[in-house]
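There are 2 protein chains.
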Amino acid sequence: MKIYGDSKSGNCLKVKWTADFVGRAYDWIEIDTMRGESRTPAFLGMNPAGQVPTVVLDDGRPLAQSNAIILHLAEGSPLVPDDAYDRARMLEWMFWEQYRHEPYVAVARFQVKYLGKAVSDLEARLVERGAAALQRMEGGLAASAFLVGDRVSLADVALVAYTRFAHEGGFSLDRYPAVQAWIGRVEAALKIA
Amino acid sequence: MKIYGDSKSGNCLKVKWTADFVGRAYDWIEIDTMRGESRTPAFLGMNPAGQVPTVVLDDGRPLAQSNAIILHLAEGSPLVPDDAYDRARMLEWMFWEQYRHEPYVAVARFQVKYLGKAVSDLEARLVERGAAALQRMEGGLAASAFLVGDRVSLADVALVAYTRFAHEGGFSLDRYPAVQAWIGRVEAALKIA
C-alpha cells in the first residue's frame with residue numbers, strides 16, 4: 047500500500063498511526079500541499095478532490111478521506127469496537143470531527159503555523175467554534191477514559207490528530223483538563239508520544 | 047425508536063428514508079430548530095451538540111450525526127455493499143459529503159430559503175465551493191449509475207439529501223446533467239420522489 051501524505055497534516059497522520067497500529071505495511075510518499083503537489087494531473091488522476099491523505103491499496107485502487115481510510119484499514123482490529131452501539135458512537139464522533147472540529151481547530155492552526163497569521167487576527171467564528179468543539183470533548187471525556195468507553199478506538203485516533211496541535215492555533219488546552227489527560231492516554235495507547 | 051428531526055432538513059430526511067427503506071419502525075418527533083427546540087435542556091440531555099437528527103434507540107440510548115445514524119440503521123441491508131472496497135468508497139463519499147458538500151450546498155439553501163437572503167448576496171465561498179462539490183459529483187457519476195457502482199447505497203442517500211434541494215440555494219442543476227439524472231434514479235430506488 048502507498049500512503050500519499052503531508053507529515054504536517056493531522057488527517058494524514060491518522061492514516062500512518064492506524065496502519066502502524068494494525069501492522070499494515072506501506073510506503074509513505076511525502077506530498078507538500080503548500081507547493082501544489084496534490085494538484086498535479088497525476089495526483090488528480092488518483093483523487094479528483096486533490097486532497098491528502100490518499101492511499102493506493104495493494105491492488106492499485108485508490109481511496110481518500112482520512113476517516114474512510116482508517117475505517118477500511120482498521121476493520122476487524124481492536125480499534126473498531128465489536129458492539130454495534132459502540133461502533134455507532136465511534137462513527138458519531140468521527141463524523142462530528144470532520145464537521146465541527148477539524149474545520150475550526152485544524153484551520154486555525156494552519157493559518158497561524160503555516161500562513162503566519164497572528165492568533166489575534168483569526169476570524170471570530172474559528173476561535174468560537176474551535177473552543178466549542180474542545181468544550182464538547184471535555185464533556186464527553188468527563189466520565190470515560192476514551193471517547194467510546196474504556197478502550198482506544200478510531201474515534202480517539204480521529205480526534206487526537208488535531209486536538210494535540212490545538213495550542214498551535216491559539217487554543218489553550220489548560221482550559222480542558224480532561225482533554226489534556228486523554229491526549230496522553232491516546233498517545234500512549236497508539237505509541238505516538 | 048424515536049427520530050427527533052426537522053422535516054426541512056436533508057440531514058434528518060436521510061434518517062427517515064433509511065428507516066423506511068430497511069423497514070425499521072419509528073416515531074417521528076418534529077423539532078423546529080428555528081424556534082430553538084433543539085436547544086432545550088431536555089434535548090441537550092439527549093444530544094449535547096444540540097443538533098438534529100438525534101435518534102433514541104429502542105433501549106433508550108441516543109445517537110446523533112446523520113451519517114453515523116444511517117450506517118447503524120442500514121448495517122446488513124442492501125444499502126451497505128458487501129465488498130470491503132465498495133464499502134470504503136461509500137464511506138469516502140459520506141465523509142466528503144459532510145466536509146465538502148453540506149457546508150456549502152446546504153448552507154446556501156438555508157440562507158436563501160429560510161433566512162430570506164438573495165442568491166446574489168451569498169458569500170462567494172459558499173457559491174464557489176458548492177459549485178465545485180456539484181462538479182465533483184458530476185465527474186463521479188459520468189461512468190456509473192450510482193455513486194458506488196450500479197446499486198443504490200448510503201452514499202447516494204447522504205448526497206441526494208441536499209443535492210435535490212440545491213436549486214433552492216441558487217445552484218442550477220441544468221449544468222450537471224449526470225447529477226440530475228442520478229437524482230431521479232435515487233428517488234426512484236428509495237421511493238421518495
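Chains G and W, in that order, give the protein sequences.
Going by our numbering, the first sequence wraps up at 239, each residue one higher than the last.
Going by our numbering, the second sequence wraps up at 239, each residue one higher than the last.
Cβ coordinates follow ideal geometry from the N, Cα and C atoms, glycine included.
| Asked | Found |
| --- | --- |
| Check whether W:R182 and G:P94 have beta carbons under 8 Å apart | yes |
| Contact list for W:L137 against chain G, beta-carbon separation under 8 Å | Q111, N113, A114, L117, H118 |
| Distance cut-off 7 Å: W:R210 Cβ against heavy atoms of the ligand SAM | Here there are no bound small molecules, and the ligand SAM is not part of this structure. |
| Interface positions of the stretch 61–76 of chain G facing chain W (Cβ-Cβ less than 9 Å), listed along the chain | none |
| Start-to-end residues for the beta strand (DSSP E) that takes in G:K60 | Looking at the DSSP string, G:K60 is not in any beta strand (DSSP E); the run it does join, the alpha helix (DSSP H), is 56–68. |
| W:E143 in three-state terms, based on DSSP | helix |
| Three-way DSSP call (helix, strand, coil) for W:V151 in this model | helix |
| Residues near G:A110 in its chain [Cβ-Cβ closer than 7 Å; skip 5 each side] | N93, A95, Q97, T100 |
| Alpha-carbon to alpha-carbon, W:E214 and W:E169 | 15 Å |
| Neighbourhood of G:F192 by C-beta, 6 Å cutoff - its chain only, sequence neighbours within 5 removed | V198, D202 |
| Below-8 Å beta-carbon distance, W:F141 vs any chain G residue | yes |
| G:Q246 at chain W interface by Cβ criterion, 8 Å | Outside the modelled stretch of chain G, which goes from 47 to 239, sits residue 246 of chain G, for which no answer is possible. |
| Partner residues on chain G for W:E121, Cβ-Cβ distance less than 8 Å | A130 |
| Inter-stretch contact at 8 Å, needing at least 3 Cβ pairs: the stretch 70–77 of chain W / the stretch 47–54 of chain W | yes |
| Classification of W:M80 by the beta-carbon crowding that lies within 10 angstroms, buried from 16 upward | exposed |
| Start-to-end residues for the beta strand (DSSP E) that takes in G:L46 | A question about residue 46 of chain G goes unanswered here, because the residues of chain G that appear run from 47 up to 239. |
| Per-residue contacts from W:R175 into chain G (C-beta, under 9 Å) | Per Cβ cutoff of 9 Å: no residues; W:R175 is ~12 Å from chain G at best. |
| Supposed contact pair G:V225 and G:E174 - C-beta distance, whole angstroms, cut 8 Å | Incorrect: roughly 17 Å between the Cβ atoms, too far for contact. |
| Proximity to W:S84 [Cα-Cα], best of W:C58, W:P127, W:I229 | W:C58 |
| Neighbour flag for W:P94 against chain G, beta carbons, 8 Å | yes |
| Alpha-carbon to alpha-carbon, W:E138 and W:G91 | 31 Å |
| Minimum C-alpha distance to G:Y131 - residue among W:A152, W:D132, W:G106 | W:G106 |
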